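Numbering (this note's numbering), first residue to last: 6 to 454. What follows is a set of notes on a single structure, which appears directly below.
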Amino acid sequence: MTHSDRLAAHPTPLESRSSGSLTGKVRVPGDKSISHRALILGALSVGQTTISGLLEGEDVLNTAKSMQALGAKVERTGSFAWQVRGVGVAGFAQPANPLDFGNSGTGCRLVMGAVAGCPISAVFDGDASLRSRPMRRILDPLELMGARTGEAREGGRLPLTLHGARDPVPMLYRTPVASAQIKSAVLLAGLAAPGVTTVIEQEASRDHTELMLKHFGAQIVSTSEGSHGRKIALTGQPELHGADVVVPADPSSAAFPIVAALIVEGSDVVFSDVMTNPLRTGLFTTLREMGASIEESDVRGDAGEPMATLRVRASKLRGVEVPPERAPSMIDEYLVLAVAAAFAEGTTIMRGLQELRVKESDRLEATADMLRVNGVKVEVAGDDLIVEGRGHVPGGGLVATHMDHRIAMSALVMGLAADKPVKVDDTSFIATSFPDFIPMMRGLGAEFS
6 MTHSDRLAAH PTPLESRSSG SLTGKVRVPG DKSISHRALI LGALSVGQTT ISGLLEGEDV
66 LNTAKSMQAL GAKVERTGSF AWQVRGVGVA GFAQPANPLD FGNSGTGCRL VMGAVAGCPI
126 SAVFDGDASL RSRPMRRILD PLELMGARTG EAREGGRLPL TLHGARDPVP MLYRTPVASA
186 QIKSAVLLAG LAAPGVTTVI EQEASRDHTE LMLKHFGAQI VSTSEGSHGR KIALTGQPEL
246 HGADVVVPAD PSSAAFPIVA ALIVEGSDVV FSDVMTNPLR TGLFTTLREM GASIEESDVR
306 GDAGEPMATL RVRASKLRGV EVPPERAPSM IDEYLVLAVA AAFAEGTTIM RGLQELRVKE
366 SDRLEATADM LRVNGVKVEV AGDDLIVEGR GHVPGGGLVA THMDHRIAMS ALVMGLAADK
426 PVKVDDTSFI ATSFPDFIPM MRGLGAEFS
């Protein structure tokens, strides 16, 4: 039984109620996407990588354990400070036991790409939620590069055995959907292939892998492709060198207290070091269109990733239409955006959310259920989510989280400004991405019990 399965067996319910204004200055945890990639690329490099600000949630810690199992030396040297001594490109060793990724689809899929370029076999596994998620979209391109899928459940689901390629083949691959996980898996496998591996995406997805590959010494070129896409070309078999990485604060984690500050009357909260990569800030763009007061200052960067201090104050929000091409830049934030939309005046339409159906849960339906049970009028039309905002939320409902940390946090945020308390059936899975969410929110003035 994985740690996440043990959490599911012992749920932690919680109730959120209307509080006074939220005030203070906080730094949310390090960005999960950057944390995963820093560990993986550090393990594929020669020499030592020093990481500060690493997210120490269960998802990232499972990636750290998998890097150790594959032969890298990974150690915690202080609070959020880690060192990785890598084995070089294609240098992973055969792991003695299955690689357990718990609840983390990102960690699992990226490590599949890294393993696919090595002449080893590894068993990939996770908790009940991760075992239910599709992996075939990752396995298909990796098999084209020479990897082979062994024993697996129907649809390429976990647990599965992946046999890496002895002689990986570079290729040109067009991603079927805008997915940083697919792109990253192909690029990580391409590190071990001679020649150039090219990925073309019609809609640009998060570019953290490209930026970090360059930071570690890879030769990689990204150019525009069509109106919204990108073409990424990676020269294989580089010698990556260990690097220093400062992990910025996670905008996906910041989304929850930011929306809380916007909807709780009188709130004024400052968030430090928040990543402002334009491929991750679709939520901030949308909230500003809705009338949100979000001020940016102290803009700077590290490892190619921009960051800034954000000051967020309570605001009167209005309904907007969110275009489908914005989805890749905020796919994890639609749940809490739906909460903001419920407190806005007017209708908010969020288009093109098909990717929400293949996350920790069917997040599209789960988000609609979360709102309905608390008195909000909401409709799912195809892959669109339509929320009728009335400026307030009745509340009083019990939200089923479906083992999904983002549903749990979104529901708790909603309860802070709802007319009646909001109950959440299980908050234990919040630890996978934001272990200090509840104490941080209480420190700003939130009331949970």
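All C-beta atoms in this analysis are idealised placements derived from N, C-alpha and C, irrespective of residue type, glycine included. All values derive from a computational prediction rather than experimental measurement.
Check, Outcome
"Is the Cβ-Cβ distance between residue 354 and residue 391 less than 8 Å?", "yes"
"Distance, Cα to Cα, residue 22 vs residue 438?", "23 Å"
"What first and last residue would you give for the alpha helix (DSSP H) that runs through residue 70?", "63-74"
"Would you kindly work out how many angstroms separate the C-alpha atoms of residue 147 and residue 76, rounded to a whole number?", "22 Å"
"Roughly how many angstroms lie between the CA atoms of residue 450 and residue 41, to the nearest whole one?", "31 Å"
"Taking only the alpha-carbon atoms, compute the straight-line gap between residue 46 and residue 136 and give it to the nearest angstrom.", "25 Å"
"Is the segment 409-422 touching the segment 215-235, taking contact as three or more C-beta pairs under 8 Å?", "no"
"Would DSSP call residue 220 helix, strand or coil?", "helix"
"Three or more C-beta pairs closer than 8 Å, one from the segment 400-407 and one from the segment 427-435: is that the case here?", "yes"
"Could you have a look at residue 276 and say whether DSSP puts it in helix, strand or coil?", "strand"
"Short check: CB of residue 31 to CB of residue 221, under 8 Å?", "no"
"Quick check on DSSP: helix, strand or coil for residue 52?", "coil"
"Quick one: Cα of residue 126 to Cα of residue 102, how far?", "11 Å"
"On the DSSP letters alone, give me the boundaries of the beta strand (DSSP E) that residue 291 sits inside.", "Counting along the chain, residue 291 falls outside any beta strand (DSSP E), though it belongs to the alpha helix (DSSP H) covering 287-294."
"Between residue 424 and residue 398, is the Cβ-Cβ spacing less than 8 Å?", "yes"
"Among 113, 315, 249, whose alpha-carbon lies nearest the alpha-carbon of residue 29?", "315"
"Check whether the Cβ atoms of residue 193 and residue 122 sit closer than 8 Å, and answer yes or no.", "yes"
"Alpha carbon to alpha carbon, what distance is there between residue 145 and residue 95?", "20 Å"
"Please determine, among 320, 283, 109, the residue with the shortest C-alpha to C-alpha distance to residue 272.", "320"
"Using alpha carbons as the reference points, say which of 90, 362, 393, 67 lies closest to residue 456.", "One cannot answer for residue 456 here, as it falls past the ends of the chain, which runs 6 to 454."
"Is the beta carbon of residue 105 closer than 8 Å to that of residue 280?", "no"
"Return the chain-ordered list of same chain residues with a C-beta closer than 6 Å to the C-beta of residue 360, the five sequence neighbours on each side being excluded.", "336"
"Below 8 Å, can you find three or more Cβ-Cβ pairs linking the segment 278-294 to the segment 66-82?", "no"
"Let's test the definition: count the other Cβ atoms within 10 Å of the Cβ of residue 301 and tell me whether it reaches 16, buried, or not, exposed.", "exposed"
"Here's the rule: buried if 16 or more other CB atoms are within 10 angstroms of the residue's CB, otherwise exposed. What is residue 304?", "exposed"
"Measuring alpha carbon to alpha carbon, tell me which of 289, 357, 261, 252 ends up nearest residue 306.", "252"
"DSSP state of residue 6, grouped into three classes?", "Reliability fails at residue 6, whose pLDDT of 49 lies under 50, so the model's placement of it is uncertain and no value is given."
"Is residue 163 closer than 8 Å to residue 131 when the C-beta atoms are compared?", "yes"
"Give the DSSP bridge partners of residue 311, in chain order.", "306"
"Determine the contact status of residue 204 and residue 219, defining contact as a CB-CB distance below 8 Å.", "no"
"How would you label residue 362, buried or exposed, when you count the other beta carbons within 10 angstroms and need 16 or more for buried?", "exposed"
"Please state whether the Cβ-Cβ distance between residue 89 and residue 152 is less than 8 Å.", "no"
"Output the distance between the C-alpha atoms of residue 327 and residue 375, rounded to the nearest integer angstrom.", "20 Å"
"Please confirm whether residue 51 and residue 112 have their CB atoms less than 8 Å apart.", "no"
"Please report the straight-line C-alpha distance between residue 381 and residue 341, rounded to a whole angstrom.", "14 Å"
"When DSSP builds the beta bridges, which residues end up paired with residue 391?", "354, 384"
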